[in-house]
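Per this note's numbering, the sequence shown starts with residue 36, numbered consecutively. This report concerns only the one structure given below.
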Amino acid sequence: MSSATPRKVFFSRNVPYAIEQFRQRLATAGANAVSVESFSSEESCIPREELLKRVKGCAGLFCLLTDKVDAEVLDAAGPSLRIVSTMSVGHNHIDVEACKARNVRVGYTPGVLDVSTAETAVALTFATKRRLLECAASAKNGEWG
36 MSSATPRKVF FSRNVPYAIE QFRQRLATAG ANAVSVESFS SEESCIPREE LLKRVKGCAG
96 LFCLLTDKVD AEVLDAAGPS LRIVSTMSVG HNHIDVEACK ARNVRVGYTP GVLDVSTAET
156 AVALTFATKR RLLECAASAK NGEWG
């Protein structure tokens, strides 16, 4: 690939904050010859056929746990694919062995949800112990106070 040909990175979902952060890091690194594209929807998963089309010629793929990244996707991307990174804690949806066989690195975000999971568990424990939903319903119905 010549230096004049921009490398392509594809996001399988339109995640504006992640895409913007990625673009800022590229700019800081002086990596101007990188084209960043994404699936148009923030809400829905990319259809499999579109994923297979859009990864062609990519150097990088950012995906979500809803995207199955297997040999078919890797083959569709071709030999330019160097990295697959998932914006999720796990990577069960990525065929790591198929990536290894093609020298494609795999990234994921272990531990990113640890604090929020603990906070939610504590909040639900307090809500249950204090019967918060029942109290809120009583207050709403004018039965409390």
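We put the beta carbon where it would ideally sit given N, CA and C, even for glycine. This structure is a prediction, so every number in the text was calculated from the model and none was measured.
Local conformation of residue i per DSSP, three classes
{"i": "residue 58", "result": "helix"}
{"i": "residue 151", "result": "helix"}
{"i": "residue 119", "result": "strand"}
{"i": "residue 141", "result": "strand"}
{"i": "residue 162", "result": "helix"}
{"i": "residue 66", "result": "coil"}
{"i": "residue 157", "result": "helix"}
Among the options, the one whose alpha carbon lies nearest that of residue i
{"i": "residue 142", "options": "65, 97, 85, 70", "result": "97"}
{"i": "residue 100", "options": "120, 89, 109", "result": "120"}
{"i": "residue 146", "options": "52, 126, 115", "result": "126"}
{"i": "residue 91", "options": "64, 113, 83", "result": "113"}
Span of the alpha helix (DSSP H), counted from its first residue to its last, around residue i
{"i": "residue 170", "result": "167 to 175"}
{"i": "residue 112", "result": "106 to 112"}
{"i": "residue 83", "result": "83 to 89"}
{"i": "residue 72", "result": "Per DSSP, residue 72 belongs to no alpha helix (DSSP H); it is in the beta strand (DSSP E), 69 to 73."}
{"i": "residue 133", "result": "131 to 136"}
Cβ separation of residue i and residue j, assumed to be a contact under 8 angstroms, to the nearest whole Å
{"i": "residue 70", "j": "residue 48", "result": "Actually they do not touch by this definition, with Cβ atoms about 17 angstroms apart."}
{"i": "residue 157", "j": "residue 144", "result": "Wrong, their Cβ atoms sit about 22 angstroms apart, outside the cutoff."}
{"i": "residue 50", "j": "residue 122", "result": "7 angstroms"}
{"i": "residue 130", "j": "residue 110", "result": "Contact doesn't hold; Cβ gap of about 11 angstroms is too wide."}
Own chain, CB closer than 7 angstroms to residue i, minus 5 neighbours either side, in chain order
{"i": "residue 179", "result": "170, 173"}
{"i": "residue 86", "result": "47, 102, 108"}
Beta-carbon proximity list for residue i, same chain, < 8 angstroms, skipping 5 on both sides
{"i": "residue 41", "result": "68, 69, 70"}
{"i": "residue 54", "result": "46, 71, 73"}
Extent of the continuous beta strand (DSSP E) to which residue i belongs
{"i": "residue 43", "result": "42 to 46"}
{"i": "residue 96", "result": "93 to 98"}
Own chain, CB closer than 6 angstroms to residue i, minus 5 neighbours either side, in chain order
{"i": "residue 103", "result": "128"}
{"i": "residue 107", "result": "none"}
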